[in-house]
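Mind the numbering: the sequence shown is residues 1 to 198 in UniProt numbering, read in order.
No residue lacks a Cβ here, since even glycine has one placed at the ideal position from N, Cα and C.
Only a predicted model underlies this, so the values are computations on that prediction, with no experimental measurement involved.
Okay, so here's the structure we're looking at.
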Amino acid sequence: MAKVKKNLNYQRYLDLSKADLELPSLKEDDKGYCTVEVGERYCRVEGCVNETRFTSANNLRKHVHKQHPLVHLTGEDSGGRPTQGEEAQAIKFYNALMKAYDDREAEKEEVLPPLPLKHDGSVHITRMRRAIRALKLPVPCEVCKDNGTPRQCCHDEVIDTCEHFDMFVDPRVEVDEEDEPEDEEGEGEAEADDGDDA
């Protein structure tokens, strides 16, 4: 198991919980047997709610044998060290597992901070610019410079063009969208400012 232990993705696998990994269920081969990969620590029997990270693959096998008697594992009668083929298959399994994990993490939507606002609902320009500079971004933004409005950068007047507004979630917009279907014409903007839904 030396090669598996040294595999970076196997080490990462050991650091994550069963829920984080979203493990695929064990699958039967043509003869009705399932394979526990070299070094596996979590039960992959479909429907098993056990979240335990077992101390060894052998203990995992004992769990499957005891708790899932209808599941038959390959190599139940064999012992000794895993073959090179078994290690290669296990490394392939852990590499695919961690690639899927990394892909899921990359797809998670980035949570943007709320747009800094004053009590009257207008943009708090000082706090907004401070947050932008903390992200190592220039003030004014490139668009405001190109449009000839560098002093207006981060002002409400350029909200539709200023790049910096894309770095925040504007709570005023969310309120407007929630109220819009229920409001009568012309009343939506006035009620949105009240912040009753916040």
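CA-to-CA distance, residue j to residue i, given in whole angstroms
i    : j    : result
S5   : Y101 : One point to set straight first is that residue 5 is Lys, not Ser, in the sequence displayed. Straight-line Cα distance between these residues: approximately 19 Å.
Q11  : K3   : 11 Å
L21  : R129 : 39 Å
E40  : L135 : 41 Å
T74  : E163 : 58 Å
P69  : D166 : 55 Å
S25  : L8   : 23 Å
E189 : L137 : Reliability of the predicted coordinates at E189 is poor, the pLDDT of 43 falling under 50, and no value is obtained from them.
A106 : G32  : 36 Å
V139 : D103 : 33 Å
L115 : N147 : 23 Å
H65  : V36  : 12 Å
S17  : R53  : 8 Å
D196 : C141 : Low local confidence applies: a pLDDT of 44 at D196 is under 50, so the model's placement there is unreliable, and no value is given.
H63  : K92  : 24 Å
Helix, strand or coil at residue i according to DSSP, with G and I counted as helix
i    : result
V123 : strand
V45  : coil
V169 : strand
F93  : helix
G39  : coil
P150 : helix
I132 : helix
N9   : helix
K27  : coil
L137 : coil
H164 : helix
N50  : coil
R81  : coil
K108 : coil
M1   : coil
E22  : coil
L14  : helix
H68  : coil
H155 : coil
Residue i - partner residues in DSSP beta bridges
i    : result
L73  : C34
L117 : V123
Proximity test, residue i beta-carbon vs the ligand NAD heavy atom, cut-off 7 Å
i    : result
A134 : As for the ligand NAD, it is missing from this structure, which has no ligand bound.
Check whether residue i and residue j have beta carbons under 8 Å apart
i    : j    : result
E87  : V38  : yes
V143 : T161 : yes
E51  : A19  : yes
The stretch 107-124 touching the stretch 37-46, judged by at least three CB pairs closer than 8 Å: no
The stretch 55-64 / the stretch 103-114 touching (three or more Cβ pairs under 8 Å): no
Given 8 Å, three or more beta-carbon pairs between the stretch 92-99 and the stretch 141-159: no
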